[in-house]
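Take 4 as the starting number for the sequence shown in the UniProt record's numbering and just add one per residue.
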Amino acid sequence: DRRIKIAPSILSADFANFGQEIQAIESQGADWVHVDVMDGHFVPNITFGPATCKAIRPHIKGVMDVHLMISPVDSYIDAFAQSGADFITAHLEAGPHIHRTLQAIRATGAKAGLALNPGTPVEAAKGLLDDVDLVCVMTVNPGFGGQKFIMSQIEKIRSLRSMIGDRPVHIEIDGGVDPNTAPLVAEAGADVLVAGSAVFKGGSVSNSAPYGENIRAI
Ligand code: DX5
Ligand code: ZN
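In structure tokens:
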């Protein structure tokens, strides 16, 4: 199913109202909810962990897409699986044993995602495409929302799409996705578009921000 899915990232949402923000974006067209976990070690920012994922899970009707920007990863996989994550995505760069990490994620019953930083060649994913359900191509350096899209990653998306062939593997794009960059990545072969600032700009649910308009614009 190559229909384009929009996965708003709650990194740009109102941290004091996650439940309401999630209900707002899902009622206004979000397909997945992208949850950016950061540990202040793998990336220079700290957001939240399994407890927050567990707390927001009941408010998510659709897919909870957990993006782990943490290192090491393996000791936290069970906690994120138990929090109710549908997808658990780990960074290839987070440690020396990514294949083991992907197996551990799948062993919990969650779907496994592999995230590649802008500096990581797409060939790194070559031997892992039967061990993943999703490859997340970072189009910004992870850690913050609202950054500029890195155009050089578009060729990586195209190469990845041909490497994946007819495997049931999503290509998720994460960082700087907005109405200008979305068509470029969709044309290159992406099918899940993460968007934080492009969706949540205009303030929080308390002032009935135009989430639906922002989502449809992408
Ligand atoms: C960055 C996160 C992204 C980020 C996207 O480290 O992984 O998901 O929230 O935010 P925007 O869409 O504002 O670039
Ligand atoms: Zn993310």
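Beta carbons: idealized from backbone N, C-alpha and C, even for Gly.
Checking 8 angstroms against the spacing of the C-beta atoms, do residue i and residue j come in under that value?
i	j	result
Leu119	Val125	yes
His173	Leu117	no
Val38	His62	no
Ile80	Thr111	yes
Gly146	Ser200	no
Asp77	Ala54	no
Val36	Ile73	no
Val140	Ile160	yes
Ile49	Phe21	no
Lys64	Ser86	no
Ala212	Gly206	yes
Asn144	Pro171	no
Ala97	Phe51	no
Apart from the five residues just before and just after residue i, which ones in its own chain have a Cβ nearer than 8 angstroms to its Cβ?
i	result
Val202	Ile9, Pro11, Ser12, Ser15, Ile28, Ala33, Tyr214, Asn217, Ile218, Ile221
Ala189	Ile7, Leu196
Met166	Val125, Ala128, Lys129, Leu132
With DSSP as the reference, identify every bridge partner of residue i, one or two as the case may be.
i	result
Pro11	Ala198
Ile174	Val138
Gly92	First, the residue type needs correcting, since residue 92 is Thr and not Gly in the sequence shown. Paired residues: His70, Gly116.
His37	Ser12, Asp68
Asp42	Ile49
If you measure from the CB of residue i, is any heavy atom of the ligand ZN nearer than 7 angstroms?
i	result
Asp177	yes
His100	no
Ser15	no
Asp42	no
Ser86	no
Ser78	no
Ser12	yes
Check whether the Cβ of residue i sits closer than 7 angstroms to any heavy atom of the ligand DX5, and report yes or no.
i	result
Phe147	yes
Gly199	yes
Met72	yes
Gln150	yes
His37	yes
Val180	yes
Val143	yes
Within its chain, find whatever has a CB closer than 6 angstroms to the CB of residue i; leave out the 5 residues flanking it on each side and keep chain order.
i	result
Thr142	Phe152, Ile153, Gln156, Ile176, Gly178, Gly179
Asp181	Ala201
Glu191	The question names Glu, yet the displayed sequence has Ala at residue 191. Cβ neighbours of Ala191 beyond the five flanking positions: Ile157, Ile160, Arg161.
Ile91	Val69, Phe83, Ile108, Ala113
Ile101	Leu95
Ala193	Ile160, Ile174, Ile176
Within a Cβ cutoff of 7 angstroms, which residues of the same chain sit near residue i, ignoring the five residues on either side of it in sequence?
i	result
Asp89	Val66, Met67, Asp68, Ala113, Lys114
Ala185	Leu196, Ile221
The ligand SAM and residue i: does the residue's C-beta get closer than 7 angstroms to at least one heavy atom of that ligand?
i	result
Arg170	Of the ligands one can find in the structure shown, namely the ligand DX5 and the ligand ZN, none is the ligand SAM.
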